[in-house]
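Chains as they are written, first to last, in the numbering used here: chain A, 5 to 89; chain B, 2 to 216. For glycine and all other residues, C-beta sits at the position ideal for the given N, C-alpha and C. Predicted model, so just to flag it, every value in this text is computed and none were measured.
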């Protein structure tokens with residue numbers, strides 16, 4: 005799980021151009037939206053693409069996003085349970 | 002007597018030549034950085050923190066930096082005003098982002114368009130970025146034109162000032178494609194008591210020619 009969390013941090017920094025952040029500076033339990041990393045709606049769409057591209061997970065229900073994008077740890081748990089590759 | 006409108010200040014960036022000029026004075030210079038790295042270096046060295054900068058495409062980064070340096074150095078940021086227009090002219094529109102977007106969708110087996118890139122496939126986005134940053138609620142407009150053209154810029158200025166809601170304008174030529182990213186932005190005002198040079202087609206051309214000839 006910790007490896008997946010670190011991979012996710014790296015992928016999120018790259019995909020969302022969070023160049024002010026390093027892997028060490030991102031807390032896996034912090035909220036992704038609002039506080040924490042302060043992501044916006046475009047970032048949410050980018051995360052959906054990242055899930056499909058890197059893990060073969062297709063999110064058809066936008067409501068599901070609210071649940072699984074709570075934090076990187078929650079996202080990692082969802083990926084572990086649902087990844088296609 | 003009606004006061005002439007004044008060019009209060011201007012900024013110029015040529016990312017290919019790695020230079021930043023404010024009101025004719027070279028204020029920043031590096032060597033051998035590519036366009037993206039140079040713009041990031043300018044941001045980190047001369048501008049306040051604004052993490053959204055990293056998400057912008059090259060065109061918006063260039064316009065954002067021109068506006069930040071212009072407003073900060075001239076002391077005329079005036080956040081939250083309604084009487085400042087933003088007009089940007091360029092030749093290649095959003096082609097840099099268009100090409101990236103095309104690359105992400107041309108292979109059916111690897112079809113992953115990036116929403117973060119897609120939002121920049123319009124050349125007027127840069128005017129919105131500047132307006133959002135400064136909470137300007139005036140007119141924003143983007144034009145496509147073949148090259149820097151002082152007559153055309155003066156016409157845009159005159160047209161904007163016909164609207165009595167506008168008292169000042171950020172008027173800009175911003176061009177970015179492949180290995181070129183070059184732009185100039187003027188702050189021009191018709192408010193009384195402002196110091197500057199009278200705006201004219203000739204003055205807009207003189208400034209540009211000096212910048213281009215100062216190798």
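*Which ranges would you report for the alpha helix (DSSP H) in the segment 131–174 of chain B if only whole runs of at least 4 residues count?*
Secondary structure within the segment 131–174 of chain B: the alpha helix (DSSP H) runs of 4 or more consecutive residues, fully enclosed, are 151–163 (chain order).
*9 Å Cβ cut-off: residues of chain B touching residue 57 of chain A*: The answer, in chain order, is 111, 113.
*asked:* Please classify residue 166 of chain B as buried or exposed, where buried requires at least 16 neighbouring CB atoms within 10 angstroms.
replied: exposed
_Quick test of the definition: if touching needs 3 or more C-beta pairs under 8 Å, does the segment 73–88 of chain A touch the segment 19–35 of chain A?_
yes
*May I ask you to report which of helix, strand or coil DSSP gives residue 45 of chain A?*
Secondary structure of residue 45 of chain A (DSSP, three-state): helix.
*Between the CA atoms of residue 7 of chain A and residue 125 of chain B - distance to the nearest angstrom*: 41 Å
*asked:* Can you find the residues in the same chain that come closer than 8 Å, C-beta to C-beta, to residue 260 of chain B, ignoring five residues on each side of it along the sequence?
replied: There is no way to answer for residue 260 of chain B, as the model of chain B reaches only from 2 to 216.
*Since residue 67 of chain B and residue 161 of chain B are thought to touch, with beta carbons under 8 Å apart, how far apart are those beta carbons, to the nearest angstrom?*
Residue 67 of chain B to residue 161 of chain B, Cβ: 18 Å. No contact.
*asked:* Taking contact to mean 3 or more Cβ pairs, one atom from each stretch, closer than 8 Å, check whether the segment 29–47 of chain B and the segment 89–96 of chain B are in contact.
replied: By the Cβ rule, the segment 29–47 of chain B does not count as touching the segment 89–96 of chain B, because fewer than three pairs are nearer than 8 Å.
*Do residue 205 of chain B and residue 123 of chain B have their C-beta atoms closer together than 8 Å?*
no
*Measure the CB-CB distance between residue 114 of chain B and residue 105 of chain B and report whether it falls below 8 Å.*
yes
*If you draw a straight line from the alpha carbon of residue 87 of chain A to that of residue 110 of chain B, how long is it in whole angstroms?*
19 Å
*asked:* For residue 89 of chain B and residue 144 of chain B, what's the separation of their Cα atoms in angstroms?
replied: For the pair residue 89 of chain B and residue 144 of chain B, the Cα-to-Cα distance works out to about 6 Å.
*Please confirm if the segment 11–18 of chain B is in contact with the segment 178–188 of chain B, defined as three or more CB-CB distances below 8 Å between the two stretches.*
yes
*Check whether the Cβ of residue 21 of chain A lies closer than 8 Å to any Cβ atom in chain B.*
yes
*With DSSP run on the structure shown, which of helix, strand or coil describes residue 187 of chain B?*
strand
*Where does residue 112 of chain B sit, in a helix, a strand or coil, going by DSSP?*
Coil.
*asked:* Distance cutoff 8 Å, beta carbons only. Does residue 33 of chain A sit that close to anything in chain B?
replied: no
*Quick one: does residue 211 of chain B have its CB under 8 Å from some CB of chain A?*
no
_Contact between the segment 54–68 of chain B and the segment 174–182 of chain B (3+ Cβ pairs under 8 Å)_ = yes
*Range covered by the beta strand (DSSP E) that runs through residue 121 of chain B*: For residue 121 of chain B, no beta strand (DSSP E) run applies, since DSSP gives it neither H nor E.
*In this structure, does DSSP put residue 85 of chain B in helix, strand or coil?*
strand
_Beta carbons nearer than 7 Å to chain A: which residues of the segment 42–59 of chain B have them?_
The segment 42–59 of chain B vs chain A, Cβ under 7 Å: 52, 55, 56.
*Go ahead and pull the three-state DSSP assignment for residue 24 of chain A.*
coil
*Can a CB atom of chain B be found closer than 8 Å to the CB of residue 24 of chain A?*
With a threshold of 8 Å between beta carbons, residue 24 of chain A makes contact with chain B.
*Taking the alpha helix (DSSP H) that residue 83 of chain A falls in, what are its first and last residues?*
Judged by DSSP secondary structure, residue 83 of chain A falls within the alpha helix (DSSP H) whose first and last residues are 76–86.
*Coarse secondary structure for residue 15 of chain B, derived from DSSP in three states*: strand
*Please list the segments of the beta strand (DSSP E) lying wholly inside the segment 36–111 of chain B, counting only runs of 3 or more residues, in order along the chain.*
85–91
*asked:* Assuming contact is defined by CB atoms lying nearer than 8 Å, are residue 42 of chain B and residue 31 of chain B in contact in what I supplied?
replied: Against a cut-off of 8 Å, the Cβ pair of residue 31 of chain B and residue 42 of chain B comes out as a contact.
*Nearest chain B C-beta to residue 76 of chain A closer than 8 Å, yes or no?*
no
*Using 8 Å as the limit for Cβ to Cβ distance, is residue 46 of chain A near chain B?*
yes
*Around the Cβ of residue 183 of chain B, are there at least 16 other Cβ atoms within 10 angstroms (buried) or fewer (exposed)?*
Counting the other Cβ atoms within 10 Å of the Cβ of residue 183 of chain B gives 16 or more, which makes it buried.
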